[in-house]
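Counting from 1, position 151 in the sequence shown corresponds to residue 150 in numbering that gives the first Met the number 0; the numbering is continuous, with no gaps.
C-beta: ideal position from N, C-alpha, C; glycine also.
Let me begin by presenting the structure, written as structure tokens, before commenting on it.
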Amino acid sequence: MDDVPRGGGWRTVGSGGESTEQAAPPAAPAGAAPRTVIEARAILVGSGIDITALGATERTGGAPLVLELVGSLTGTALPGGGRGVAVLYRSGAAVFFDVTPAGVAEALRQIAPRVRQPLSDAERDTEVLEIAVDPAGRELIEGNTLLLADVTMEKLQIVADILAKSVSLAHHERAVERQFERVEPFAADLGRSGRGGRELLRQIGSTLLAEHQVVAGARVDDTPELLWDHPELERLWGRLRDEFEIRERSRALHDKLALVSRTAETALDLLHNTRSLRLEWAVVGLIVCEILLTLLQWGLGVAGHGG
């Protein structure tokens, strides 16, 4: 099994924030200003990431892989001593905290061989959230800024979980809209096009695949396993889940997928019924023709005997 490339500037971090390597990244530049705002950026890079092949230790279920990166926006150390943090998910989402655009690009380049069905830059969905640290303030969301009393690796993972689900939902929402646009003309054109049935079968297959990716891949309905060990973070996770409308969007997506599937299946049934009706009429026509031929032969025979 290949390890994560360490020369590129990262190291693996355990789910609780502890580093699995002893070597620490270079220290922050002398005189660096204290970090008060951290940028969180989530990117959907593909249909999945093989995090096991990236050197991850044994992980249960959908536990993410946490990496410390070198190349943060300010050089300020984050929990665990890193200058930037990346959280990778099996669903294909990568969430970066306090990482420069160059650092993000380099990290994506290094994990690219482990990405299944990679998306192009134009196809990637992105979500950005600012995290402001205020020890004396309340933990709440103001606009596109999340206010935290402190920053821990566990809190970063909670934020990453919501952002990863949000970009995955956005990707599937756009895909379902495209499916709606394709199903309608095929359903309307069933009586005039022989390719309608094949296209509808493709739509049903695409819908089932999308539903599998949402349920089994993105796990948008699941509670992160981290909350089992840190129940005190459940309020933060619930607040972020409500702010990004994860439950509502997930429910709406499932409803749309079900509607697309029912529409395609109904149109396919109509197509089959239409073809069955045509076959029945063809059989009736053959029977009528056979009766007419029999009557004609009988009439000719009678006329011959009469002559």
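query, result
"Quick one: complete alpha helix (DSSP H) runs, 4+ long, within the segment 96 to 120?", "100 to 110"
"For the candidate residues Leu-68, Val-282, Thr-151 and Ala-135, whose alpha-carbon lies nearest to that of His-229?", "Thr-151"
"Starting from the Cα of Arg-177, find the closest Cα among Ser-165, Glu-289, Leu-225 and Leu-252 and give me that residue.", "Leu-252"
"Please list, in chain order, all residues of the same chain as Gln-21 whose beta carbon is under 7 Å from its beta carbon, the five residues on each side excluded.", "Here Gln-21 scores only 31 on pLDDT, less than 50, and its place in the model is too uncertain to base an answer on."
"If you draw a straight line from the C-alpha of Asp-241 to the C-alpha of Asp-49, how long is it?", "29 Å"
"Who are the near neighbours of Ala-163 in its chain, counting only those whose CB is closer than 7 Å to its CB and skipping five residues on each side?", "Ala-41, Tyr-88, Ser-90, Ala-92 and Val-94"
"Please report how far the alpha carbon of Thr-308 lies from the alpha carbon of Ser-260, in whole angstroms.", "This structure leaves residue 308 out entirely; the chain is present only between 0 and 306."
"Tell me whether the beta-carbon of Ala-148 lies closer than 9 Å to the beta-carbon of Asp-133.", "yes"
"Looking at the structure shown, is Ile-50 part of a helix, part of a strand, or coil, going by DSSP?", "coil"
"Please state the DSSP three-state secondary structure of Gly-142.", "coil"
"From the DSSP output, in three-state form, read off Ala-148 for me.", "coil"
"Using three-state DSSP, classify Arg-261 as helix, strand or coil.", "helix"
"According to DSSP, simplified to helix, strand and coil, what is Arg-40?", "strand"
"On the premise that Asp-124 lies in contact with Glu-38, defined as a C-beta separation below 8 Å, what is that separation, rounded to the nearest angstrom?", "The Cβ separation is near 17 Å, so there is no contact."
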